[in-house]
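> Below: one structure in structure tokens.
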Amino acid sequence: MKPMFLPEVESNPQPGPTTDLIHIAQSAGAEYPKIWHLFGYRPQATTHLGAFTHEIMRGDCPLSSGIRELIAAFTSYRNDCPF
Amino acid sequence: MPHIPLAEGLPGIRGLFAFRPETAKPLCELADVLLHAPGRLTPGERELIATYVSSQNDCYYCQTAHGAIAAHHLGGNEQLVLDVKRDFERAGISDKLKALLAIAGNVQIGGKNVQPEDVERARQQGATDQEIHDTVLIAAAFCMYNRYVDGLATWAPQDVLTQAERT
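So the sequence lines, in the order shown, correspond to chains G and Y. In the working numbering, each number is its position in the first sequence, counted from 1, plus 271. In the working numbering, each number is its position in the second sequence, counted from 1, plus 367.
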């Protein structure tokens with residue numbers, strides 16, 4: 272995997288659920304998405320981002336979860352973001 | 368006119384927050400962390416980054432609201448905010464903030480536009496990884512807020528920009 276721009280972000284995960292996931296993946300020698308390091312670095316921001324994502328993707332709305340994921344996937348495709 | 372019926376009298380993102388309180392809460396809390404959580408970037412620097420990105424996205428409400436807050440943090444210096452929006456490389460700000468604004472500007476165009484040279488320049492001007500990280504997150508989040516505000520054509524009072532800004 273390519274190294275990230277900011278080594279401190281990668282090497283300094285803060286205590287929280289994402290950091291636990293990183294440690295589990297690392298100790299199993301498994302590959303994992305590097306966005307986890309961003310989630311692990313600023314847990315305060317991650318909590319709110321997670322709550323927002325959960326509400327907009329799973330909250331009460333006539334759009335089905337499948338259609339919402341399709342909108343997210345289409346936008347990410349347009350932004351050239353494969354993950 | 369907003370694309371969907373929103374409460375009258377609530378400008379920009381305020382009308383959207385009232386329309387959908389469930390998403391408003393985490394969006395407000397995220398903005399609060401980005402702009403106010405402890406860190407090496409000053410509140411004025413963070414607001415300037417948010418204002419610059421919003422102005423590059425041509426988001427009237429966000430650049431006006433956060434430009435005013437930035438000016439407040441900078442001792443009422445509205446001219447400095449205007450200078451940053453017009454040409455931050457020539458504005459009276461630190462070389463570190465110029466390097467961070469260059470990164471923010473590239474995030475505004477697209478995340479992949481941030482190059483190793485941009486990160487290196489910021490480091491050479493004394494920026495820490497945390498400052499670079501927070502700059503990218505502020506820039507990315509404000510691109511989202513800007514698109515949210517303008518994607519639904521929210522209303523905002525049009526007489527707020529200073530005379531200098533209109534000319």
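Cβ coordinates follow ideal geometry from the N, Cα and C atoms, glycine included.
(1) Which residue wins for smallest C-alpha separation from Y/D526, given the options Y/L519, Y/C395, Y/Y428, Y/G518?
(2) Taking the CB atoms as reference points, tell me whether Y/I416 and Y/L447 lie closer together than 8 Å.
(3) Looking only at its own chain, which residues have a Cβ that is under 8 Å from the Cβ of Y/A438, when we skip the five neighbours before and after it?
(4) Between Y/D496 and chain G, is any beta-carbon pair separated by less than 8 Å?
(5) Does DSSP put Y/T390 in a helix, in a strand, or in coil?
(6) Give the residues from the stretch 317-339 of chain G that approach chain Y closer than 7 Å (Cβ to any Cβ), ordered along the chain.
(7) Just reading off the alpha helix (DSSP H) that G/F345 is part of, what are its end residues?
(8) Taking only the alpha-carbon atoms, compute the straight-line gap between G/I293 and Y/G376 and give it to the nearest angstrom.
(9) Mind checking Y/N480: buried by the 16 CB within 10 Å criterion, or exposed?
(10) Is G/Q285 helix, strand or coil by DSSP?
(11) Using a Cβ-Cβ cutoff of 8 Å, what residues of the stretch 376-397 of chain Y are near chain B? List them in chain order.
(12) Given that G/L277 touches chain Y, what residues does it touch there, using C-beta distances under 8 Å?
Taking the definition as stated:
(1) Stepping through the second sequence from its first residue, residue 526 of chain Y is reached at position 159. Nearest C-alpha to Y/D526: Y/Y428.
(2) In the second sequence, counting from the first residue as 1, residue 416 of chain Y sits at position 49. In the second sequence, counting from the first residue as 1, residue 447 of chain Y sits at position 80. With contacts defined by Cβ atoms closer than 8 Å, Y/I416 and Y/L447 do not form a contacting pair.
(3) Here residue 438 of chain Y refers to the residue found at position 71 when the second sequence is read from its first residue. Contacts found: N444, E445, L447, V448.
(4) Sequence index remark: in the second sequence, residue 496 of chain Y carries index 129 (1-based). Cβ-Cβ to chain G under 8 Å: yes for Y/D496.
(5) Residue numbering aside, residue 390 of chain Y sits at position 23 when the second sequence is read from its first letter. Looking at Y/T390 - three-state DSSP - the assignment turns out to be helix.
(6) Those would be H319, L320, A322, F323, E326, I327, G330, in chain order.
(7) Taking the first residue of the first sequence as 1, we reach residue 345 of chain G at position 74. Counting along the chain, the alpha helix (DSSP H) containing G/F345 begins and ends at 336-349.
(8) Here residue 293 of chain G is taken as the residue at index 22 of the first sequence, counted from 1. Here residue 376 of chain Y is taken as the residue at index 9 of the second sequence, counted from 1. Each residue's Cα considered, the two are about 46 Å apart.
(9) Stepping through the second sequence from its first residue, residue 480 of chain Y is reached at position 113. Exposed, by the Cβ-count rule.
(10) As a working mapping, residue 285 of chain G is identified with position 14 in the first sequence. Under the three-state reduction of DSSP, G/Q285 is assigned to coil, being neither helix nor strand.
(11) Looking for chain B here will not work: the only protein chains present are G and Y.
(12) Position 6 of the first sequence, counted from the start, is the residue given in the question as residue 277 of chain G. Residues of chain Y passing the Cβ test: V486, D496, I499, H500.
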